[in-house]
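Protein chains in written order, with the working numbering: chain A, 42 to 310; chain B, 122 to 197. All C-beta atoms, glycine included, are put in the ideal place defined by N, C-alpha and C.
Below you can see the structure in the form of structure tokens.
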């Protein structure tokens, strides 16, 4: 069985990835089959916004709406591709249940896409010269840090998912009844957590790359401005804690911009 | 001693030490995070994401040792 699976390994990965892509396309099609935000939001819009709201709120912590529109689709795509790939481990079918993320090539490719995408976003936001200069100038170790980012992201995902898959295979080869069910149920946890961790780390890389130049410029020009922004953020956070109605009353532009990017994201998906 | 047996005995050392130390560090993180969450439930989601990132960074070190162990185990 293992040798057979090893012989067909590239084919299995391609088929799995095709399944994931098909699932994403069907999901996007189902979510956007009717025009959204017409009157009372329906269940479809609720599902779409529930799934994408997390990424939009994480991206909004970085910066303004212009950044959210680029960052949220990027991280959401990573999350759903990695989650779909990880969940192949809990399928009960014998040959296709090897998750694509348990191959080192796939995970290092995803990590490369994340880091290169971060670099491109940094070029888009701060200008190409500034972004490339940032790799070398304050300390040349930044370039090494990018390479280790790729390695750590890829290795973390690969190690977790491959370890989980190997555990399932080993236990199934010893006891084929009952016990593997527990491992399959437990397999949901690393699948979700690793997808979430990959996404959160990508978001934090992007935050570091995008806000680096801006913070420096702000500090040089008006050193007291940052404190005011922080208190503004704190006020908004307290208003959000007190309830949705007060938040809308306190800051109507923010609640509108909260809806706009998520709608656009689900239309693009 | 046979070379294969020696390699097999050496191969489990990194993952044992790495898992033990990572478990110790993760215990510290989770204790602090739960402590903070019970003290201030309002910022529990932020603490949870910070806890996850910290745990992921520690887990990466453990995964490196797992990779080393797998590379050694493939030679047995």
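Check, Outcome
"Within 8 Å (strictly less), CB to CB, does residue 177 of chain B reach chain A?", "yes"
"Is residue 73 of chain A helix, strand or coil when you go by DSSP?", "coil"
"Where residue 118 of chain A and residue 244 of chain A are concerned, what is the direct C-alpha to C-alpha distance, given to the nearest angstrom?", "12 Å"
"Rounded to a whole number of angstroms, what is the C-alpha to C-alpha distance between residue 247 of chain A and residue 71 of chain A?", "30 Å"
"Under DSSP, the alpha helix (DSSP H) around residue 146 of chain A begins and ends at which residues?", "145-167"
"So residue 240 of chain A packs on residue 103 of chain A, CB below 8 Å; how close in whole Å?", "Rounded, the Cβ-Cβ distance is 13 Å, inconsistent with contact."
"Suppose the cutoff is 7 Å on Cβ atoms and the five residues either side in sequence are ignored; what does the same chain contact list for residue 138 of chain A look like?", "129, 130, 132"
"DSSP on residue 128 of chain B, reduced to helix/strand/coil?", "helix"
"Helix, strand or coil for residue 60 of chain A? Go by DSSP, reduced to three states.", "helix"
"Mind pulling the chain B residues with CB within less than 7 Å of residue 228 of chain A?", "The contacting residues do not exist; residue 228 of chain A stays about 16 Å from chain B at best."
"Anyone know if the C-beta pair for residue 197 of chain B and residue 132 of chain B falls short of 8 Å?", "yes"
"To the nearest angstrom, report how far apart residue 308 of chain A and residue 73 of chain A are at their CA atoms.", "With a pLDDT of only 48 at residue 308 of chain A, under the threshold of 50, the placement of this residue in the model should not be trusted; the figure read from the coordinates follows. Taking the straight line joining both Cα atoms gives about 6 Å."
"Compute the beta-carbon to beta-carbon distance between residue 196 of chain A and residue 184 of chain B, rounded to the nearest angstrom, for a pair I have assumed lies under 8 Å.", "6 Å"
"Closest to residue 147 of chain B by C-alpha separation, out of B:188, B:124, B:179, would be which residue?", "B:179"
"Hey, out of A:115, A:121, A:144, whose CA is closest to residue 156 of chain A's CA?", "A:115"
"DSSP three-state call for residue 265 of chain A: helix, strand or coil?", "Here the model assigns residue 265 of chain A a pLDDT of 48, short of 50, so the residue's position is not dependable, and the following value carries that caveat. Coil."
"Using a cut-off of 7 Å between C-beta atoms, extract the partners of residue 188 of chain B located in chain A.", "196, 200"
"Measuring straight from C-alpha to C-alpha, what distance separates residue 193 of chain B and residue 155 of chain B?", "37 Å"
"Counting C-beta neighbours from all protein chains within 10 Å, is the total for residue 120 of chain A 16 or more, i.e. buried, or is it exposed?", "buried"
"Does the distance from the CB of residue 198 of chain A to the CB of residue 123 of chain A come in under 8 Å?", "yes"
"What is the DSSP secondary structure of residue 138 of chain A, reduced to helix, strand or coil?", "coil"
"Where do the ends of the alpha helix (DSSP H) carrying residue 96 of chain A lie?", "84-101"
"Taking only the alpha-carbon atoms, compute the straight-line gap between residue 56 of chain A and residue 140 of chain A and give it to the nearest angstrom.", "11 Å"
"Terminal residues of the continuous alpha helix (DSSP H) containing residue 201 of chain A?", "182-215"
"In three-state terms, what does DSSP make of residue 49 of chain A?", "coil"
"CB of residue 205 of chain A to nearest heavy atom of the ligand HEM: below 7 Å?", "Summarising the ligand content, the structure contains no ligands, and the ligand HEM is consequently not present."
"Can you tell me the Cα-Cα spacing of residue 107 of chain A and residue 169 of chain B, whole angstroms?", "27 Å"
"Can you tell which of A:175, A:164, A:96, A:228 has the C-alpha that lies nearest to the C-alpha of residue 237 of chain A?", "A:96"
"Any Cβ of chain A within less than 8 Å of the Cβ of residue 132 of chain B?", "no"
"Would residue 234 of chain A count as contacting chain B if we go by Cβ distances under 8 Å?", "yes"
"Using the C-alpha atoms, what's the distance from residue 176 of chain B back to residue 126 of chain A?", "22 Å"
"Please report the Cβ distance between residue 162 of chain A and residue 111 of chain A, rounded to the nearest whole angstrom; I am assuming they are in contact, meaning their Cβ atoms lie under 8 Å.", "6 Å"
"Residues of the stretch 161-172 of chain B in Cβ contact with chain A at a cutoff of 8 Å, in chain order, please.", "163, 170"
"Measure the C-alpha to C-alpha separation of residue 67 of chain A and residue 61 of chain A and round it to an integer number of angstroms.", "10 Å"
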